[in-house]
Amino acid sequence: MRHGMVGSGNKPGFRKGASLLVTGALVLTLAACSNEVGENEPLDAYSAEEIFARGEYVLENNRRTEASLRYFREVERIYPYTDWARRAIVMQAYAQHRAGDYEEARATAQRFLDQYPGDPDAAWAAYIIALTYYDQIEDVGRDQGLTFQALQHLRIVIEQYPNTEYARSAVLKFDLAFDRLAAKEMEIGRYYLRRGNYQAAINRFRVVVEEFQTTTHTPEALHRLVESYLALGLRQEAQTAAAILGYNFRSNPFYQDSFDLLTAAGLSDQASGTSWLVDIYRQTVRGDWL
Numbered sequence: 000m001r002h003g004m005v006g007s008g009n010k011p012g013f014r015k016g017a018s019l020l021v022t023g024a025l026v027l028t029l030a031a032c033s034n035e036v037g038e039n040e041p042l043d044a045y046s047a048e049e050i051f052a053r054g055e056y057v058l059e060n061n062r063r064t065e066a067s068l069r070y071f072r073e074v075e076r077i078y079p080y081t082d083w084a085r086r087a088i089v090m091q092a093y094a095q096h097r098a099g100d101y102e103e104a105r106a107t108a109q110r111f112l113d114q115y116p117g118d119p120d121a122a123w124a125a126y127i128i129a130l131t132y133y134d135q136i137e138d139v140g141r142d143q144g145l146t147f148q149a150l151q152h153l154r155i156v157i158e159q160y161p162n163t164e165y166a167r168s169a170v171l172k173f174d175l176a177f178d179r180l181a182a183k184e185m186e187i188g189r190y191y192l193r194r195g196n197y198q199a200a201i202n203r204f205r206v207v208v209e210e211f212q213t214t215t216h217t218p219e220a221l222h223r224l225v226e227s228y229l230a231l232g233l234r235q236e237a238q239t240a241a242a243i244l245g246y247n248f249r250s251n252p253f254y255q256d257s258f259d260l261l262t263a264a265g266l267s268d269q270a271s272g273t274s275w276l277v278d279i280y281r282q283t284v285r286g287d288w289l
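Read in order, the letters of the sequence shown correspond to residues 0 to 289 in numbering that gives the first Met the number 0.
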């Protein structure tokens, strides 16, 4: 069975594949009886497929993670070294992730990857590991350590499993997480700017321009550089930042704000001087920057 994403949510869902669909009779049996066998009832009398199917049924219909985990673990115990046991491992990781047991899900998914690195479900296991970090990313005002971890593991999915649905989803999440890091730099930069600590603010906005240039925060970062440099009396730097902004984002409202600031100071948005921004401007003109 292949498992994929449902909709645009962060968590993978079920996608019933033809290769491992349980028989219609088994589905009817599961629906007619109680959703799960007794808590202490031995499962040795059931086939691996039956136990696995019970675990899926309970997880999807009752969303009882612990109950479903019991079935998947029993598949491993009773039928080790089988395809069902292998699939039961990644299903445990999926169930744990969906329940918010991120450390357990991560460990289980990594165990699957260690044992079956070439398995078709390896991409899914790697994606689950990435999600255990991505789904814990806090608001931008907090430490972004988990964002770095999410980016690292999303990149693994993208680079090692490029032709999978998980890679396509990972690309979208990577861009969102990357944007979040830029937002953090902007937040700190604005903090320094409001308090008149212009050099510290410039250092943060420079990071956005140099390292997060493809994010949505680049226009504002350039405008804040114009503000900061003008406040310090560094006119050439302010003009160059505005020139970059105008070249790449002329229709952006932040460009108009920068243009107004320069006009009020009797300046134009022309690159000049020898600062680091001049190098950025030259790259932009050559088309190498964006």
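Even for Gly, the Cβ is constructed at its ideal location relative to N, Cα and C.
Note that this is a predicted model, so its numbers are computed, not measured.
So, is Arg281 buried or exposed, given that buried needs 16 or more other C-beta atoms within 10 angstroms?
Counting from 1 along the sequence shown, the entry for residue 281 is found at position 282. Arg281 comes out exposed.
Going along the chain, which residues of its own chain have a beta-carbon closer than 7 Å to the beta-carbon of Ala104, five neighbours each way excluded?
Position 105 of the sequence shown, counted from the first residue, corresponds to residue 104. Only Ala92, Gln95, His96, Ile127 and Thr131 meet the Cβ criterion.
Which runs of the alpha helix (DSSP H), 4 residues or longer, sit entirely within the stretch 58 to 121?
Annotation: the stretch 58 to 121 contains the following complete segments of the alpha helix (DSSP H) (minimum length 4 residues), in chain order: 64 to 77, 82 to 97 and 101 to 114.
Own chain residues within Cβ distance below 8 Å of Arg234, not counting five before or after
Indexing the sequence shown from 1 puts residue 234 at position 235. Correct list, in chain order: Tyr228, Ala264 and Leu266.
Tell me where the alpha helix (DSSP H) around Phe211 begins and ends.
As a first step, residue 211 must be located in the sequence shown, where it is residue number 212. Neither: Phe211 is in no alpha helix (DSSP H) and is coded neither H nor E.
Is the beta carbon of Ala129 sitting closer than 8 Å to the one on Val170?
In the sequence shown, counting from the first residue as 1, residue 129 sits at position 130. In the sequence shown, counting from the first residue as 1, residue 170 sits at position 171. Taking 8 Å as the Cβ cut-off, Ala129 and Val170 do not qualify as a contacting pair.
According to the Cβ coordinates, are Arg86 and Asp120 closer than 8 Å?
Your numbering for residue 86 matches position 87 in the sequence shown. Your numbering for residue 120 matches position 121 in the sequence shown. In contact: Arg86 and Asp120 (Cβ atoms closer than 8 Å).
Please determine, among Tyr190, Ala182 and Asp113, the residue with the shortest C-alpha to C-alpha distance to Glu210.
The residue you call residue 210 lines up with position 211 of the sequence shown. The shortest Cα separation from Glu210 among Tyr190, Ala182 and Asp113 belongs to Ala182.
How long is the line joining the alpha carbons of Phe57 and Ala66, rounded to whole angstroms?
What you label residue 57 is simply residue 58 of the sequence shown in a count that begins at 1. What you label residue 66 is simply residue 67 of the sequence shown in a count that begins at 1. With the sequence shown as reference, residue 57 is identified as Val, and Phe is not the correct amino acid for it. Using only the alpha carbons, I get a separation of about 7 Å.
Could you check whether Leu276 and Ser257 sit closer than 8 Å to each other, using their CB atoms as the reference points?
On the sequence shown, position 258 is the one that residue 257 refers to. On the sequence shown, position 277 is the one that residue 276 refers to. Judged by beta-carbon spacing, Leu276 lies beyond the 8 Å limit of Ser257, meaning their Cβ atoms are not closer than that value.
Measuring only the C-alpha atoms, how far is Ser274 from Leu153?
In the sequence shown, the residue the question calls residue 274 occupies position 275. In the sequence shown, the residue the question calls residue 153 occupies position 154. Rounded to whole angstroms, the gap between the alpha carbons of Ser274 and Leu153 is 35 Å.
Going by DSSP in three states, Thr163 sits in which element: helix, strand or coil?
The residue labelled residue 163 in the question sits at position 164 within the sequence shown. DSSP places Thr163 in the coil class of the three-state scheme, outside both helix and strand.
Could you have a look at Asn196 and say whether DSSP puts it in helix, strand or coil?
Within the sequence shown, the letter at position 197 stands for residue 196. Three-state DSSP puts Asn196 in coil, outside helix and strand.
Give the range of the alpha helix (DSSP H) segment to which Arg234 is assigned.
Position 235 of the sequence shown, counted from the first residue, corresponds to residue 234. First-last of the alpha helix (DSSP H) with Arg234: Arg234 to Phe248.
Does DSSP classify Ile187 as helix, strand or coil?
Mapped onto the sequence shown, residue 187 falls at position 188. Reduced to three states, the DSSP call for Ile187 is helix.
Own chain, CB closer than 8 Å to Phe147, minus 5 neighbours either side, in chain order
Along the sequence shown, read from residue 1 onward, the residue named residue 147 stands at position 148. Within the same chain, Leu180 come within 8 Å of Phe147 by CB-CB distance, once the 5 residues on both sides are set aside.
What is the rounded straight-line gap between the Cα of Ala122 and the Cα of Thr107?
Here residue 122 is taken as the residue at index 123 of the sequence shown, counted from 1. Here residue 107 is taken as the residue at index 108 of the sequence shown, counted from 1. The alpha-carbon atoms of Ala122 and Thr107 are separated by roughly 14 Å.
Inspect the beta-carbon positions of Ala242 and Ala270 and report whether they are closer than 8 Å.
As a working note, residue 242 is residue 243 in the sequence shown. As a working note, residue 270 is residue 271 in the sequence shown. Yes, Cβ-Cβ distance for Ala242 and Ala270 is below 8 Å.
Could you pull the start and end residues of the alpha helix (DSSP H) that His222 belongs to?
Here residue 222 refers to the residue found at position 223 of the sequence shown. Start and end: Thr217 to Ala230.
Which of helix, strand or coil does DSSP assign to Gly265?
The residue you call residue 265 lines up with position 266 of the sequence shown. In this structure, Gly265 counts as coil in the three-state DSSP scheme.
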